[in-house]
Amino acid sequence: MRRILLYAAAFCLYVLAAAALTAPLVTQLGSRLIGHPFGDTTEYLHHIWAIHDALTHGRDPFFQPLLLHPDGLDGTLLWSLPLQSFPQWLLMTFLPLPVAHNLTALATLALNGLSMFALMRALLRQQPGPARTWAALLAGYAFMSAPTFMGQLGLGHTGLLVLYPGVLAVRALLALRAPPVGRRAWLLRAAAAGLLLAMSAWGSLLLPLYLTLPALAAPLLTWAARREWAALRRGLTALAMGALFSLPFVVPALRAAASAPASFRDDAVVQFSADLLSAVAPSFNHPIYSAFTYNRAVLGVDPFELAGYLGLFTPLLALLGVRRFAAARPWLAVLLAAWVLSLGPLLKVLGQPVTVSIDGNPTFISLPYAWIAGRPGLNLTRTPARFQFAVAFALVVMAGYGTAALLAWAGRWPRALRAGGMALLVTALAFDTLWGVPTTDGAALLRAAPAIASRGGAVFNVPWAHLLVDKEAMYVQTAHGLPIIGGHIARATPLDPAKGWLLESLDPALLDQAAVRTIVLHREWDDAQGALESALLARFGPPLYQDDALAVFAVPDYDGPPPAFTVLSRTGTRLETTADVLVYAPAPGGALLTAALSSPTARDVLVTLADAVLGRYTIAGAAEAQVWIEFSAGYHTVTLALDPPCPIPASAVLTCAAVDIRSLRLEQP
């Protein structure tokens, strides 16, 4: 009973800490959404609403018919991430959606702290009671508020913040080292550790790679080095059980991913790699560090995804822990290995890949992650900076040991001095971690929903290709409930680009065929000249509704001929990587593509349709490429591509020999 009260008190303290870290959110639970407007909060909220709506009406909760109208989208991935969405839709039975989501986020932070509290109490079992409890309590706070995790919270990545099952999996694995009291007892312990390992992927399928498996490596490698074969055997059994328990959740997601279009570019791996200076680059949102300039170059346009600041005082406590406790030293190896992996495939400093000259030839500096990038399974870690999760975990564990050593040393001080020292330590840790978490106005986007709902039919949100437009459109759908042309389950919409761009050209026949009754312009993401809004006003007249965020346009009934063969070129005048010609074919047939191209140096240009190469042309000087293309009925994208493409990431030492596009025609006979 005493232990239950201890953990209950710790959880209450962490809830208060979560409220303080996200203040003033706790007073705005129904009007503000945790996370930056550029993050994923609106996407998560849509999926929570969709699951609740489907269950309320007796439909399949893992198929979303209101997205990608008229086809719908497979939502199997949501089954694989139950701790990302399920708690919120349960709370929605008696709470509004924003309140359910915000409360779940705060509870997740508190549970992360509580799990580290439990782990550190287990690791510090031999320490005096008060020092053990206070060190564990402070370690829990340092973990839940680590800049790496607060950065993910700033982007609304509440699924990636479900860290507590992984932390508890480490604690359960450590319990397997003790001599078993019987075969059944240790099998049950191994099963518990395996279940927690499987649960560590329930917030994000990649969390085991970013956090759980690196954390489990420390005890497993330690047992192997000490030749504790019995403990190692029990630990590997737990891992095998975890893999088995994961199958019902991982296999459906892998099947869904295999059929989904790719939406992550190779150059993004470099973009989302940590900078060499990230460990000493605090958030520029912190009032003390807002005047710094180097941290802006290190973290990019926002201080969230690439956040990896270690702090000033937490590393000092970690070094003290490594010095005083041999058990803390394996965690230093975990920290260093994870930190190197977080740097990604190329070394970056101040946001740019570093180049060196070898025998007069400039080149980038490759790092160990470059080996991982091509390995099956491991290549799923396409955001290397998130290995900072394991860095933060190992740092906090070492700091927990250091705090215990410090408190044991201070145990002989007078009570008043000990209380003052504890207050100073808490303040120091808060200095390392405390900075503002952004929130989004949850009500602003929903004001247009009644006007949209009044029209019926399908809704087309423009500019369709903007990632944030798609997220906002999904959130607005939670209020109007009508099908939308776009939408996605993760990352980007799988809407055929040809369909998206041709509908955005406002062809009345194509809009009618797609059952579009309403077009919603997300005004912030129109271009600087407001070209799209001008085109909508010219075609459809004044909007039904408009505010600073959205303008709602009614698409009038169409009684003209069905859509004809339609071509939209998005090639520009220079070909550096790829250029597209978008086609709608009302019936099967063919057309002749004629491209007048020129290049000062010989470059190969490929013409492809649906990833099939239709022709290869070597362009040296002025030349003309012609190819006959057969189309089935529907939307198609014909792509012109340089082979090889221009280098990514761009560099002053690697120039691009582009091809000029003088003219381009796609015509039916």
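According to my numbering, the sequence shown is numbered sequentially starting from 160. Glycine is no exception: its CB is placed at the ideal position from the N, C-alpha and C atoms. Predicted, not measured: the structure shown is a model, and the values here were computed from it.
- Our two residues, Leu319 and Gln311, have alpha carbons roughly 7 angstroms apart in a direct line.
- Taking a contact as a CB-CB distance under 8 angstroms, the pair Tyr300 and Ala176 counts as one, their CB atoms being some 6 angstroms apart.
- Assigned with DSSP and collapsed to three states, Arg650 falls in coil, not helix or strand.
- For Thr371, the CB contacts under 7 angstroms within the same chain, skipping 5 residues up- and downstream, are Gly325, Ala328, Leu356, Ser359 in chain order.
- The Cβ-Cβ distance between Val675 and Ala607 does not fall below 9 angstroms.
- Its chain contains Met400 as the residues whose beta carbon lies nearer than 6 angstroms to that of Ala350, once the 5 sequence neighbours on both sides are disregarded; these appear in chain order.
- By the criterion of at least three beta-carbon pairs nearer than 8 angstroms, the segment 209–219 is not in contact with the segment 269–281.
- If you draw a straight line from the Cα of Glu683 to the Cα of Ala708, it comes to about 6 angstroms.
- In this structure, the beta-carbon distance from Ala377 to Trp208 does not fall below 9 angstroms.
- Within the model, the alpha-carbon separation for Val714 versus Phe699 is close to 7 angstroms.
- Bridge partners of His206 according to DSSP: none are assigned.
- Of the residues Ala779, Gln785, Trp787, Pro828, the one whose Cα lies closest to the Cα of Ala817 is Ala779.
- Apart from the 5 residues on each side of it in sequence, Leu509 sits with its Cβ closer than 8 angstroms to the Cβ of Asp434, Leu436, Tyr453, Ala456, Val457 in its chain, given in chain order.
- For the beta strand (DSSP E) assignment, the uninterrupted runs of no fewer than 3 residues enclosed by the segment 666–726 are, from N- to C-terminal side, 675–681, 709–713.
- The continuous beta strand (DSSP E) containing Arg191 extends over residues 191–193.
- Take Ser501, set aside five residues on each side of it, and the residues of its chain with a beta-carbon closer than 6 angstroms to its own are Ala433, Pro543, Ala544, Phe546, Gln547, in chain order.
- Closest in alpha carbon position to Pro720, among Ala438, Ala668, Leu398, is Ala668.
- Assignment of alpha helix (DSSP H) within the segment 746–808, counting only whole runs of 4 or more residues, yields no such run.
- No Cβ-Cβ contact shorter than 9 angstroms links Leu226 with Gly561.
- Boundaries for Thr371: no alpha helix (DSSP H) harbours it, and the DSSP string shows neither H nor E there.
- Pro220 sits buried, since 16 or more C-beta atoms from the chains shown fall within 10 Å of its C-beta.
- Going by DSSP, Thr267 is part of the alpha helix (DSSP H) stretching over 256–282.
- Between Ala402 and Leu240, the CB-CB gap reaches or exceeds 9 angstroms.
- Here the segment 331–343 lies against the segment 385–393, with 3 or more beta-carbon pairs under 8 angstroms apart.
- Residue pairing by DSSP leaves Asp199 without any beta bridge partner.
- Collapsing the DSSP output to three states places Glu826 in a strand.
- Under the three-state reduction of DSSP, Asp212 is assigned to helix.
- Comparing C-alpha distances from Ala259 to each of Pro246, Gly503, Leu236 shows the shortest one belongs to Pro246.
- In this structure, Thr677 sits away from Val621, with a CB-CB distance that is not shorter than 9 angstroms.
- Glu789 and Gly749 have their C-alpha atoms some 4 angstroms from each other.
- The Cβ atoms of Ile193 and Ala290 do not sit closer than 9 angstroms to each other.
- Distance from the CA of Ala397 to the CA of Arg541, rounded to the nearest whole angstrom, comes to 27 angstroms.
- Annotation: Phe308 is outside any beta strand (DSSP E); the continuous alpha helix (DSSP H) that includes it extends over 306–313.
- Tyr743 sits in a strand when the DSSP states are folded into three classes.
- Approximately 7 angstroms separates the beta-carbon atoms of Leu262 and Leu250; this is inside 8 angstroms, confirming the contact.
- About 6 angstroms separates the CB atoms of Leu734 and Leu801; that is less than 8 angstroms, so the two are in contact.
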